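Shown next, in structure tokens, is the structure this report addresses.
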Amino acid sequence: MGGDFGPSVTVPAALQALNANSQLTLLLVGNPDIITPLLAKADFEQRSRLQIIPAQSVVASDARPSQAIRASRGTSMRVALELVKEGRAEACVSAGNTGALMGLAKLLLKPLEGIERPALVTVLPHQQKGKTVVLDLGANVDCDSTMLVQFAVMGAVLAEEVVGIKNPRVALLNIGEEETKGLDSIREASLMLKTVPTINYIGYLEANELLTGKTDVLVCDGFTGNVTLKTMEGVVRMFLSLLKSQGEGKKRSWWLLLLKRWLQKSLTRRFSHLNPDQYNGACLLGLRGTVIKSHGAANQRAFAVAIEQAVQAVQRQVPQRIAARLESVYPAGFEPLDDGKGVNLRAHR
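Positions in the sequence shown are counted from 1; adding 65 to them yields the working numbering.
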């Protein structure tokens, strides 16, 4: 029940999700005194598929991850993750503190074998009417080359097993396409990916090509990914807002006004699939359970989409399918070379 707007958004979104899916059952984790009044408009059928799980506190949005984890007992975030760990829930959806969610999820649900740290991933629409898997979107601000390669492996498996893309193309986000460009970690990851036989690595891609459909999987560190995603979302929101606005200024003839309105409706329909509200919800990939991170500032519609993302992840058995494919991607004893040095891509524990 965290996020910028708390239960005032998450509870109505939960009711919206229940209306959209007759098979869905939701556990609302939070303060019953706050949640119950917001359920006043819920009908009997909706209430029968809802249960309030008490939690008196939330993780503060500005809390450092280490502090939040130490003080997490009894918070709605930890209680929700414990429900998944215990098998009482199949997924957790949170709009709360990203760092705390990442740390707690890793602590309670544990990473998959061969994965050092989970990554936030989303599937974005592109201009070719297809989909691009993008990760990491903020779970890991600082990533070394091995982590980037692990993200590439997970992203490729997700693209193939869930999105349905055969032999998905994988690219690293960089400031240029030349092999000499970028941070050491990116260049090292590029060398390593070239030696992984099961990855269709195509090289570097720049941020302005994110929505072009040139790659099926785009890999970056969490800092870069988060900034890139939010910049893109801001531009898309502004563009759609400009399309819908009536504008001001001098009076125009009736036929110009008619033409303008027709163009507005036509262009809005054409680009509505890019509306960020329609793809809110990033999956924390690489865990032994399903965790969906919603934008903290998500509105009701966007949070309902995040709930639907969780439903789809559970139905498609994302963690199980990722785990099943990792062994074939990481053959026993496989150690790709990085500038002549043996590098083991499997997580060290």
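All C-beta atoms, glycine included, are put in the ideal place defined by N, C-alpha and C.
Remember, it's a predicted structure, so these values are computed and weren't measured experimentally.
So, under 8 Å CB-CB, residue i and residue j are touching, yes? Tell me the CB distance rounded to an integer number of Å.
{"i": "Q111", "j": "L80", "result": "6 Å"}
{"i": "A375", "j": "A156", "result": "4 Å"}
{"i": "V123", "j": "G354", "result": "In fact, because the Cβ distance is near 21 Å, the residues do not count as touching under 8 Å."}
{"i": "V383", "j": "V227", "result": "6 Å"}
{"i": "G68", "j": "A160", "result": "3 Å"}
{"i": "E242", "j": "Y269", "result": "5 Å"}
{"i": "N96", "j": "Q121", "result": "6 Å"}
DSSP puts residue i in a beta bridge; with which residues?
{"i": "A388", "result": "A388 pairs with nothing; no bridge assigned."}
{"i": "R234", "result": "N265"}
{"i": "S122", "result": "T140"}
{"i": "L95", "result": "Per the sequence presented here, residue 95 reads as Gly, with Leu not at that position. G95 pairs with P119."}
{"i": "A347", "result": "K358"}
{"i": "A270", "result": "Checking the sequence, you will find Leu at residue 270 rather than Ala. L238, per the DSSP bridge assignment."}
{"i": "T197", "result": "L189"}
By alpha-carbon positions, which one of the options ends up nearest to residue i?
{"i": "A236", "options": "E226, M257, K194", "result": "M257"}
{"i": "A151", "options": "A170, S159, L166, A165", "result": "The amino acid occupying residue 151 in the given sequence is Glu; Ala does not appear at that position. Cα-wise, what sits closest to E151 is A170."}
{"i": "V158", "options": "K259, L349, N96", "result": "L349"}
{"i": "H360", "options": "S141, A82, L294, G168", "result": "L294"}
{"i": "S131", "options": "L172, N84, T75", "result": "L172"}
{"i": "A367", "options": "E373, I357, N345, I387", "result": "N345"}
{"i": "A128", "options": "A165, R138, T140", "result": "A165"}
{"i": "A386", "options": "G220, T140, R114", "result": "According to the sequence displayed, residue 386 carries Arg and not Ala. That would be G220, whose Cα lies nearest to the Cα of R386."}
{"i": "T280", "options": "V198, E244, R390, F288", "result": "V198"}
{"i": "L391", "options": "P176, E373, D209", "result": "P176"}
{"i": "R153", "options": "L103, G161, V144", "result": "V144"}
{"i": "Q343", "options": "A369, E271, I134", "result": "A369"}
{"i": "T263", "options": "R135, S87, A82, E225", "result": "E225"}
{"i": "S210", "options": "S137, V284, K196, N162", "result": "V284"}
{"i": "G168", "options": "A120, A133, A347", "result": "A133"}
In the DSSP assignment, the alpha helix (DSSP H) including residue i goes from what residue to what residue?
{"i": "V218", "result": "210-223"}
{"i": "A362", "result": "First-last for A362: undefined, no H or E at that position."}
{"i": "P130", "result": "130-135"}
{"i": "V74", "result": "72-85"}
{"i": "A156", "result": "That residue, A156, is in no alpha helix (DSSP H); its beta strand (DSSP E) goes 156-159."}
{"i": "L256", "result": "249-258"}
{"i": "R112", "result": "109-112"}
Start and end of the beta strand (DSSP E) containing residue i?
{"i": "L115", "result": "115-119"}
{"i": "G164", "result": "G164 -> not in any beta strand (DSSP E); alpha helix (DSSP H) instead, spanning 163-174."}
{"i": "T187", "result": "184-190"}
{"i": "L202", "result": "Segment: none, L202 is in no beta strand (DSSP E) and carries neither H nor E."}
{"i": "L283", "result": "282-284"}
Under 7 Å from any heavy atom of the ligand COA, does the C-beta of residue i make it?
{"i": "L391", "result": "Because no ligand of any kind appears in the structure shown, any question about the ligand COA cannot be addressed here."}
With three or more C-beta pairs closer than 8 Å as the rule, is the stretch 200-207 touching the stretch 241-249? no
Is it true that the stretch 266-286 meets the stretch 178-193, where meeting means three or more beta-carbon pairs spaced less than 8 Å apart? yes
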